[in-house]
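What follows is one structure encoded as structure tokens, with my remarks underneath.
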Amino acid sequence: MSQNVYAVDVSESSLEVYGKFHLALSYMDSGVDASEVDNGSGLSDGDVSLSSNSSRIGFKGEIPTGVDDLVAFYQLEQTINLDGHDGDTFATRNSYLGLRGLEKGVTHWEVKAGYHDTLAKSVGGLAMLGDTVADRRAIMGAGATSGNKADKRVANMLLGTYYVESGRSKVALSAQYSAEATDSKGTVDNNDAGFAAMGVTWKQGGLVAALAHDYWKNGASANMHLTRAATQYKQGDWTGVVLAENLRKSGDLDRKAWGAQLALKDGSFKWIGSVFVAESYKGSNDTDAVMTSLGVERSMSKVLTTYAVYTRTANDANARYQGVDGGVNDELKTTAGNDPQAVSAGIVLKF
0 MSQNVYAVDV SESSLEVYGK FHLALSYMDS GVDASEVDNG SGLSDGDVSL SSNSSRIGFK
60 GEIPTGVDDL VAFYQLEQTI NLDGHDGDTF ATRNSYLGLR GLEKGVTHWE VKAGYHDTLA
120 KSVGGLAMLG DTVADRRAIM GAGATSGNKA DKRVANMLLG TYYVESGRSK VALSAQYSAE
180 ATDSKGTVDN NDAGFAAMGV TWKQGGLVAA LAHDYWKNGA SANMHLTRAA TQYKQGDWTG
240 VVLAENLRKS GDLDRKAWGA QLALKDGSFK WIGSVFVAES YKGSNDTDAV MTSLGVERSM
300 SKVLTTYAVY TRTANDANAR YQGVDGGVND ELKTTAGNDP QAVSAGIVLK F
């Protein structure tokens, strides 16, 4: 029996393999009694946990189109659960195929199609201590009783960005759209659960400022609006980050939140302080929370970093914001009025 064999010629394309391996050993406590803890509840009365935090491997590159100042580009990125979490080794992260327009060798515009973070989620990425027990997503994008619902990726999406440079400043104007933002296996994208977003990012020297608005139509995040702004400023050994958001949806996802972080680099060490605050949601009382964290990172080499971090979320009487929610495989939940906390040590390898 004959068999056709097909090979892909990559002689005219670039291929970059990259990734991040992140493992952390943590002690987590939901602030609850042992009698309240059940398997699968996400509650803990004090346990040690090993987790793989957003570990990933990716492949990306460019391919010539034969048209002047126009190139195709691609990315395939997969989560790798190094701890064997749920027996699920791979899960799709930002993956897409796109076209990029150049002007004098510099990207002037680009369009991507595939699966990607929302624009508001990307704005939140300016925060520090990401993918640790102190990740901002325990408060930012989360509800007082439902956990994080806003920081997502969009399926079946188109993302276009136009770049404007003037002197030392660079501005990126972006728009994102999906006819069926959650899933459409074997069916036509019929606009029943659509998504749309707009955003702008401005960079000049050590300053980055970003603003985005996400809108989810129907689906699991029915008619949810998220407006998020962030600023990151680096000056010498200091880095400061400020975030603010307005989340509008029914129930506990109708509230405002903000946060601030400050970091000082001292040789191979980086000390980071962080606070995030969620206000009570509309029509409720005592549903606010404050998350405070302190971390230290040590750069071992250009690709290897170790860290230690402590975090505590103080919930008001009717709130149960999680202690750990986002970027960490082992989340930490709590019950109303309790104050979850966690301490963690981790190692991160980037390549």
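Quick note: the sequence shown, position 327, residue 326 per numbering that gives the first Met the number 0, numbers continuous.
We put the CB at the ideal spot given by N, CA and C, even for glycine.
What do you get for residue i, buried or exposed, if any count of 16 or more other CB atoms within 10 angstroms of its CB means buried?
i: L24; result: exposed
i: Y306; result: buried
i: A67; result: Looking at the sequence shown, residue 67 is not Ala but Asp. Exposed, since its Cβ has fewer than 16 Cβ neighbours within 10 Å.
i: P63; result: exposed
i: N3; result: Confidence at N3 is low in this model, with a pLDDT of 48, below 50, so the placement of that residue should be treated as unreliable; the coordinate-derived value is given next. Exposed is the call here.
i: D251; result: buried
i: Y17; result: exposed
i: G204; result: exposed
i: T117; result: buried
i: A256; result: buried
i: S53; result: buried
i: E15; result: exposed
i: L206; result: exposed
i: S50; result: buried
i: G235; result: exposed
Could you check what DSSP says for residue i in three-state terms: helix, strand or coil?
i: V342; result: strand
i: Y151; result: Note that residue 151 is Lys in the sequence shown, not Tyr. Three-state result, K151: coil.
i: S50; result: strand
i: R136; result: helix
i: L81; result: coil
i: S283; result: coil
i: E330; result: coil
i: L125; result: coil
i: A33; result: helix
i: K19; result: strand
i: D130; result: coil
i: V322; result: With the sequence shown as reference, residue 322 is identified as Gly, and Val is not the correct amino acid for it. Coil at G322, not helix or strand.
i: A119; result: helix
i: G266; result: coil
i: D251; result: helix
i: E278; result: coil
i: R167; result: coil
i: R311; result: strand
i: R92; result: coil
i: T200; result: strand
i: F194; result: strand
i: A229; result: strand
i: S1; result: For S1, the predicted model reports a pLDDT of 43, less than 50, meaning its position is unreliable and no value from the coordinates is stated.
i: K103; result: coil
i: T304; result: strand
i: F58; result: strand
i: A174; result: strand
i: A6; result: Here the model assigns A6 a pLDDT of 41, short of 50, so the residue's position is not dependable, and the following value carries that caveat. Looking at A6 - three-state DSSP - the assignment turns out to be coil, as it is neither helix nor strand.
i: D44; result: coil
Whose CA, out of the options, lies closest to the CA of residue i?
i: L69; options: G282, T106, S40; result: T106
i: L96; options: N80, L75, D116, A277; result: L75
i: G60; options: S29, F89, T91, S13; result: S13
i: R167; options: A180, K202, N155; result: K202
i: L158; options: L348, A112, K255, A221; result: A112
i: A71; options: A149, W108, G45; result: W108
i: M299; options: K255, G258, K349; result: K349
i: H224; options: E15, L246, K148; result: L246
i: N240; options: S267, D213, D253, F275; result: In the sequence on display, residue 240 carries Val and not Asn. Among S267, D213, D253, F275, the Cα nearest to that of V240 belongs to F275.
i: G282; options: H21, S249, A192; result: S249
i: S48; options: G140, G83, K264, A243; result: G83
i: Y309; options: T144, A133, D191, D265; result: A133
i: S177; options: G140, S145, N217, A143; result: N217
i: H212; options: S267, G140, A316, K233; result: G140
i: G336; options: T144, M127, D37; result: T144
i: G100; options: G65, A119, G129, A154; result: G65
i: D253; options: K264, S165, A221, G266; result: A221
Keeping to the same chain, check which residues put their C-beta closer than 6 Å to that of residue i; ignore five residues upstream and five downstream.
i: V163; result: V170
i: K269; result: A262, E296
i: L172; result: Y161, V199
i: A208; result: W201, T230
i: G272; result: L261, L293
i: S279; result: T286, D287
i: W367; result: Past the boundaries of the shown model lies residue 367; the chain is included only from 0 to 350, so the question cannot be answered.
i: A243; result: A228, W257
Please work out which residues of its chain come closer than 7 Å, Cβ to Cβ, to residue i, disregarding the five sequence neighbours upstream and downstream, and give them in chain order.
i: S94; result: Q74, L75, E76, G113, Y114
i: D338; result: G30, R311, T312, A313, N314
i: E330; result: G41, Q321, V323, D324
i: E35; result: L42, T334
i: Y5; result: Confidence at Y5 is low in this model, with a pLDDT of 40, below 50, so the placement of that residue is unreliable and no value is reported for it.
Return the chain-ordered list of same chain residues with a C-beta closer than 8 Å to the C-beta of residue i, the five sequence neighbours on each side being excluded.
i: G45; result: Y26, M27, D28
i: R136; result: G123, N147, D150, D324, G325, G326
i: I138; result: A256, G258, F275, V276, A277, A288, M290, T312, Y320
i: A354; result: As displayed, the chain neither begins before 0 nor continues past 350, which places residue 354 out of reach and without an answer.
i: K19; result: S53, S54, R55, V347, L348, K349, F350
Would the beta-carbon of residue i be found less than 6 Å away from any heavy atom of the ligand FAD?
i: K103; result: The ligand FAD is not part of the structure shown, which contains no ligands of any sort.
Within the chosen definition, does the segment 316-335 reach the segment 274-290 through at least 3 CB pairs nearer than 8 Å? yes
Touching or not, the segment 24-33 and the segment 339-350, by the rule of three or more beta carbon pairs under 8 Å? Flag = yes, the segment 24-33 and the segment 339-350 touch.
Is the segment 123-135 close to the segment 226-237, with three or more CB pairs under 8 Å? yes
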